[in-house]
Structures are given as C-alpha cells and as structure tokens.
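Trainee: Per our numbering, residue 65 is the first one in the sequence shown, and the count goes up by one each step. Using N, Cα and C, we set each Cβ at its ideal position, and we do this for glycine too. Please read through the structure below; I'll follow up with questions.
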Amino acid sequence: MTYLDANATEILRPEAREAVLAALEAGGNPASVHAIGRAARRLLEAARETIAARFGASPADLVFTSGGTEADALALHALGAGRRLIVGATEHDAIRSAAPGAAVLPVDGQGSADLDALRRELAAGGPALVCLMLANNETGTLHPVAEAARLCREAGALLHVDAVQAAGRVPVDFAALGADSLALSSHKLGGPPGAGALLVAPALSAELEPLIAGGGQERGRRGGTPPLPAIAGFAAAVQVVGDAAGLAALRDAAEQGAVAVGAVPLGAGAPRLPNTSCLALPGVRAETQVIVLDLAGVQVSAGAACSSGKVARSRVLDAMGAGPLAGEAIRVSLPWCARPEDVDEFLTAYRAMAERLLQRAA
Ligand code: PLP
65 MTYLDANATE ILRPEAREAV LAALEAGGNP ASVHAIGRAA RRLLEAARET
115 IAARFGASPA DLVFTSGGTE ADALALHALG AGRRLIVGAT EHDAIRSAAP
165 GAAVLPVDGQ GSADLDALRR ELAAGGPALV CLMLANNETG TLHPVAEAAR
215 LCREAGALLH VDAVQAAGRV PVDFAALGAD SLALSSHKLG GPPGAGALLV
265 APALSAELEP LIAGGGQERG RRGGTPPLPA IAGFAAAVQV VGDAAGLAAL
315 RDAAEQGAVA VGAVPLGAGA PRLPNTSCLA LPGVRAETQV IVLDLAGVQV
365 SAGAACSSGK VARSRVLDAM GAGPLAGEAI RVSLPWCARP EDVDEFLTAY
415 RAMAERLLQR AA
C-alpha cells in the first residue's frame with residue numbers, strides 16, 4: 065500500500081504511539097486530587113507547555129479540544145458573537161458550516177485570498193471576525209495570513225487562523241502572526257485523532273466563552289474530561305515534527321511525472337505546502353481516478369476527506385475558477401515518512417491510469 069493521503073490523516077508517529085500507550089497505562093483523571101490524578105494533571109500541563117511553546121503561545125492561552133473542527137467552532141462561538149463574519153472562500157467546512165451567512169472573501173486562480181476584497185469588507189466598519197486558513201487542505205495553497213492579520217488589527221477586527229494543515233509542515237508562530245486565535249489538530253501532524261487545540265491571544269484568552277460548559281475544565285473554557293492519551297500523543301508528535309520542507313522534492317517529482325502524462329496541476333503557482341499536489345486529469349472524473357489508483361494500491365483522495373466518503377465536485381477548486389477540472393482533480397498529499405519508492409509506485413499507477421482513461425475520454 066502506498067499512502068499518499070496525509071492531509072486526511074497523517075501516519076501516526078512512533079513517538080506519539082508510545083506516549084498514547086503510556087498515558088493509557090497510567091490512567092487517571094487530571095481533575096482528581098489523589099496521586100494518580102496529580103500525575104495525570106502533570107502530564108496534561110506538560111503537554112500544554114510543549115504544544116504552546118512549539119507554536120508561539122503561552123500555555124495559559126491554549127485550550128485543548130477534541131480536534132480541529134471543535135477548535136474552529138470554539139473560535140467562531142467565542143470570538144464571533146456580536147461580530148460580522150468574513151470567511152475565505154476556500155475555508156474548510158469546519159469554518160464554512162459554522163459561519164452561515166458570512167461574507168465570503170474570493171480567491172485568485174491559485175487559491176490565494178484576495179486581500180483587496182478583505183480591505184473592502186473591513187472598510188464596511190463594525191466589529192468583525194475574519195477567518196482565514198494558513199494552508200488549504202486540497203491544494204496546499206498558503207494564504208497571506210500575516211498581512212491579513214495586519215489589516216484586521218488596523219481595522220479593529222479579530223482574525224481566526226485555521227492552521228490545521230500548516231502545523232508541522234511549515235513554520236507556525238502564533239505570536240509572530242499577530243492573529244487572535246489559531247486552530248490545531250493532532251491527527252494532521254502525526255499524533256492520534258481525538259485531540260486538538262485553540263490558541264487564543266492573551267487579552268481574550270481568560271474570558272473565552274465555552275462552547276461546552278460541562279464541569280469547567282480548561283479553566284472554564286472547555287468542559288469535559290480531557291482525552292489525556294490523545295493529548296499526550298499530540299504533544300509527543302509536536303516534539304518531533306520538523307517542517308516538511310524535505311518532502312518538496314518528492315512532491316515535485318510526483319507532480320512532474322504526472323504532468324508528463326497529461327495531468328494539470330492546480331494551485332501550483334502559489335506558495336504552498338511542501339507535501340501537497342492537486343492534479344487534474346482532463347475528462348476523467350475524480351472519483352474514477354481515486355478508485356483506479358486505490359485498486360493499484362495507491363491511496364489518494366478527491367475533495368475534502370471529511371465529507372464522509374462522498375466524492376463531490378470540489379468547492380475549493382470551483383472558487384479558484386478551475387471550471388470542469390474542479391470535478392476531475394485528485395489530491396496527492398505525502399506523509400512525513402514518504403520515500404522515493406512511494407513516488408515510483410504512484411507514478412507507475414498514475415501513468416497506467418492516464419494511458420487507459422485519457423484515451424477513453426478523448
Ligand atoms: N481545518 C482544516 C483545514 C482541515 O483540513 C480539517 C480536516 O481535514 C479540519 C479543519 C478539521 O480537523 P479535524 O479533523 O481535527 O476535526
């Protein structure tokens with residue numbers, strides 16, 4: 065099997081697996097006052113320190129959640145109340161479905177957010193919350209988030225950044241970005257699923273209105289017993305992630321090999337994640353490509369993997385003006401441990417597919 069679908073879920077890092085198992089063995093609830101509870105609390109706080117330090121926040125400003133979707137939902141709930149919402153056209157459904165009626169910022173042909181449109185929206189005045197992702201999950205396109213943060217600050221608006229795909233692949237420094245909140249997800253950087261975090265600017269963090277009140281955990285900002293094994297694995301993964309710059313050469317080899325047999329790369333003209341390539345095969349439905357490659361032992365996806373197995377036309381590629389190619393593109397996303405052999409396997413399967421299906425489409 066050749067797994068090239070890391071943007072759906074990264075391959076679990078061995079350090080994360082060890083940490084999950086150790087925390088499961090140790091047991092305990094961080095809220096208990098006895099010795100086992102106190103040890104669990106130490107593990108929770110050590111994880112908080114590791115993750116906060118790695119992404120440029122103070123531990124007091126990190127709220128653990130169940131994943132990226134909940135971190136996005138918490139930001140919208142806590143920071144969006146009483147504010148006009150402005151969201152990027154290619155935001156993940158974690159944002160789009162939690163922000164009905166929001167003003168939508170268009171993107172250019174490479175998927176990069178239009179900052180002039182942001183300026184115009186901000187000029188409309190009134191308190192606003194802007195949501196802009198750092199890296200897109202389908203194309204890997206990196207948005208000009210630091211510049212957006214500056215525009216938001218000047219206009220007195222808040223900025224939430226979804227860094228779920230960027231964290232662990234490109235440098236992410238919350239304080240340097242100057243955003244007001246930032247979402248992270250464990251399983252996108254080689255930790256286990258079931259944990260995520262929201263980093264919040266110090267001025268807003270103490271009073272954050274919870275989405276789930278529960279028993280007042282996370283200093284009243286997120287109720288519920290924290291999933292300590294998942295959080296311990298999340299921190300262990302964060303400790304070992306570098307950035308994924310080394311994957312760019314492999315990704316480029318995969319992309320060039322595919323282009324040589326007729327693929328059209330989408331979003332490749334913008335700064336993007338080093339592990340991601342979005343490849344359209346004109347006239348061949350994305351779903352067909354995913355199935356043909358799967359039968360050849362190569363796993364890729366089309367559109368967002370989160371939409372429960374459905375392969376729909378890509379809303380992201382539509383927003384980029386890709387036309388019919390929006391229904392004919394697959395996402396190749398290399399995991400942290402990808403090897404040259406994986407690219408060879410991919411290209412063998414891709415070439416065979418292109419030869420067979422392009423002839424039929426012609
Ligand atoms: N944001 C982005 C950009 C994503 O790609 C995803 C998942 O694909 C999410 C948020 C949701 O994260 P999670 O799966 O941890 O809920």
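In this structure, how does DSSP classify ASP69 when only helix, strand and coil are distinguished?
Mentor: Against the sequence shown, residue 69 aligns to sequence position 5. If DSSP states are grouped into helix, strand and coil, ASP69 belongs with the strands.
Trainee: Leaving out five residues on either side along the sequence, give the residues of the same chain with a beta carbon under 7 angstroms from the beta carbon of ALA318.
Mentor: What you label residue 318 is simply residue 254 of the sequence shown in a count that begins at 1. Here the set comprises SER341, VAL396, VAL407, PHE410 and LEU411.
Trainee: Between which two residues does the beta strand (DSSP E) harbouring CYS195 extend?
Mentor: Translated into the one-based positions of the sequence shown, residue 195 becomes position 131. Segment 192-197, the beta strand (DSSP E) holding CYS195.
Trainee: Along the chain, where does the alpha helix (DSSP H) containing LEU126 start, and where does it finish?
Mentor: For the purposes of this step, residue 126 is taken as residue 62 along the sequence shown, with counting starting at 1. Not the alpha helix (DSSP H): LEU126 falls in the beta strand (DSSP E), residues 126-129.
Trainee: Name the two residues that bound the continuous alpha helix (DSSP H) containing PRO329.
Mentor: Counted from its first residue, the sequence shown places residue 329 at position 265. It is not in any alpha helix (DSSP H) - PRO329 instead sits in the beta strand (DSSP E) that spans 328-330.
Trainee: So what's GLN229 in DSSP terms, helix, strand or just coil?
Mentor: Numbered from its first residue, the sequence shown carries residue 229 at position 165. GLN229 falls in the coil class under three-state DSSP.
Trainee: Ignore the nearest five residues each way along the sequence and tell me which others in ARG112's own chain have a CB closer than 6 angstroms to its CB.
Mentor: To locate residue 112, count along the sequence shown from 1; it is residue 48. So the qualifying residues of the chain are PRO123 and LEU126.
Trainee: Indicate, with yes or no, if the ligand PLP has a heavy atom lying under 7 angstroms from the CB of THR133.
Mentor: Position 69 of the sequence shown, counted from the first residue, corresponds to residue 133. Answer for THR133: yes, Cβ within range of the ligand PLP.
Trainee: State the Cα-Cα distance for the pair GLY173 and ARG379, rounded to the nearest angstrom.
Mentor: The sequence position of residue 173 within the sequence shown is 109, counting from 1. The sequence position of residue 379 within the sequence shown is 315, counting from 1. Those two C-alpha atoms are separated by around 13 angstroms.
Trainee: Quick one: give me the first and last residue of the alpha helix (DSSP H) that VAL84 is part of.
Mentor: On the sequence shown, position 20 is the one that residue 84 refers to. Residues 78-90.
Trainee: So for ALA177, helix, strand or coil by DSSP?
Mentor: The count along the sequence shown starts at 1 and reaches residue 177 at position 113. Strand.
Trainee: Any idea if VAL97 is buried or exposed, counting beta-carbon neighbours within 10 angstroms, 16 or more meaning buried?
Mentor: Within the sequence shown, residue 97 is the residue found at index 33, counting from 1. Classification for VAL97: exposed.
Trainee: Can you find a heavy atom of the ligand PLP that lies under 7 angstroms from the Cβ of MET197?
Mentor: What you label residue 197 is simply residue 133 of the sequence shown in a count that begins at 1. Yes; taking the cut-off as 7 angstroms, the Cβ of MET197 has a heavy atom of the ligand PLP nearer than that.
Trainee: Quick one: does the C-beta of GLY52 sit closer than 7 angstroms to a heavy atom of the ligand PLP?
Mentor: Shown here, the chain extends from 65 to 426; a query on residue 52 therefore has no answer.
Trainee: If the criterion is Cβ atoms closer than 8 angstroms, does the pair LEU337 and GLY132 meet it?
Mentor: To locate residue 337, count along the sequence shown from 1; it is residue 273. To locate residue 132, count along the sequence shown from 1; it is residue 68. The answer is no: Cβ separation not under 8 angstroms.
Trainee: May I have the straight-line CA-CA distance separating ALA369 from GLU202, to the nearest angstrom?
Mentor: Position 305 of the sequence shown holds residue 369. Position 138 of the sequence shown holds residue 202. Summary for ALA369: the model assigns pLDDT 48, below 50, so the residue's position carries little reliability, and this model does not support an answer.
Trainee: Answer yes if the segment 135-151 comes into contact with the segment 262-276, meaning at least three C-beta pairs across the two stretches below 8 angstroms, and no otherwise.
Mentor: As far as the Cβ criterion goes, the segment 262-276 touches the segment 135-151, which means the pair count is three or higher.
Trainee: Using the rule of at least 16 other Cβ atoms within 10 Å of the residue's Cβ for burial, across every protein chain shown, is GLN353 buried or exposed?
Mentor: Residue 353 sits at position 289 when you count from the first residue of the sequence shown. Its Cβ being crowded by 16 or more others within 10 Å, GLN353 is buried.
Trainee: On the criterion of 16 or more Cβ atoms from any shown chain inside 10 Å, does ILE295 qualify as buried, or is it exposed?
Mentor: For the purposes of this step, residue 295 is identified with residue 231 of the sequence shown, where counting begins at 1. That one is buried.
Trainee: Can you give, in chain order, each stretch of the beta strand (DSSP E) that sits fully within the segment 307-371 and has at least 3 residues?
Mentor: Whole beta strand (DSSP E) segments, 3+ residues: 328-330 and 340-344.
Trainee: Just tell me which of ALA231, MET417 and LEU193 has its CA closest to the CA of ALA327.
Mentor: The sequence position of residue 327 within the sequence shown is 263, counting from 1. If we check each option's Cα against that of ALA327, MET417 comes out closest.
Trainee: For LEU186, which residues does DSSP report across the bridge?
Mentor: Looking up residue 186 in the sequence shown gives position 122. Its beta-bridge partners do not exist; DSSP assigns none.
Trainee: Going by CA-CA distance only, name the one from ALA90, PHE128 and ILE75 that's closest to ARG286.
Mentor: Stepping through the sequence shown from its first residue, residue 286 is reached at position 222. Comparing Cα positions, the closest option is PHE128.
Trainee: May I ask which residues mark the beginning and end of the alpha helix (DSSP H) holding VAL304?
Mentor: As a first step, residue 304 is located in the sequence shown; it is residue number 240 there, counting from the start. It spans 292-304 - the alpha helix (DSSP H) in which VAL304 sits, taken as one unbroken run.
Trainee: Are ALA330 and LEU422 touching if we call contact CB-CB under 8 angstroms?
Mentor: In the sequence shown, the residue the question calls residue 330 occupies position 266. In the sequence shown, the residue the question calls residue 422 occupies position 358. At residue 330 the sequence reads Leu, which differs from the Ala that was named. The answer is no: Cβ separation not under 8 angstroms.
Trainee: Sort ALA167, ALA312, LEU292 and GLU79 by Cα distance to GLY258 and report the nearest one.
Mentor: Taking the sequence shown and counting its residues from 1, the one referred to as residue 258 is at position 194. Comparing Cα-Cα distances from GLY258 to each of ALA167, ALA312, LEU292 and GLU79, the minimum goes to LEU292.
Trainee: Do the CB positions of ALA177 and HIS156 come within less than 8 angstroms of each other?
Mentor: As a position in the sequence shown, residue 177 is number 113, starting the count at 1. As a position in the sequence shown, residue 156 is number 92, starting the count at 1. For ALA177 and HIS156, no; Cβs fall outside 8 angstroms.
Trainee: Rounded to whole angstroms, what is the Cα-Cα separation between ARG283 and ALA163?
Mentor: Residue 283 sits at position 219 when you count from the first residue of the sequence shown. Residue 163 sits at position 99 when you count from the first residue of the sequence shown. Going by the C-alpha atoms only, they are around 26 angstroms apart.
Trainee: Could you tell me which residues DSSP pairs with VAL171 in its beta bridges?
Mentor: Your numbering for residue 171 matches position 107 in the sequence shown. For VAL171, which the question treats as bridged, DSSP gives the partners ALA177.
Trainee: Which residue's Cα is closest to the Cα of GLY120: CYS401, GLY220, ALA239 and SER250?
Mentor: To locate residue 120, count along the sequence shown from 1; it is residue 56. Checking every option, the nearest Cα to that of GLY120 belongs to ALA239.
Trainee: For the pair the segment 296-315 and the segment 82-92, tell me if three or more CB-CB distances fall below 8 angstroms.
Mentor: Verdict: yes, contact present.
Trainee: For ALA199, which residues in the same chain have their Cβ closer than 6 angstroms to its Cβ, ignoring the five residues on either side in sequence?
Mentor: One-based indexing of the sequence shown puts residue 199 at position 135. LEU206, GLN229, ALA230 and LEU337.
Trainee: Rank ALA413, ALA166 and GLY190 by C-alpha distance to the C-alpha of VAL325 and give the top, closest one.
Mentor: Here the question's residue 325 lines up with position 261 in the sequence shown. Considering only alpha carbons, the answer is ALA413.
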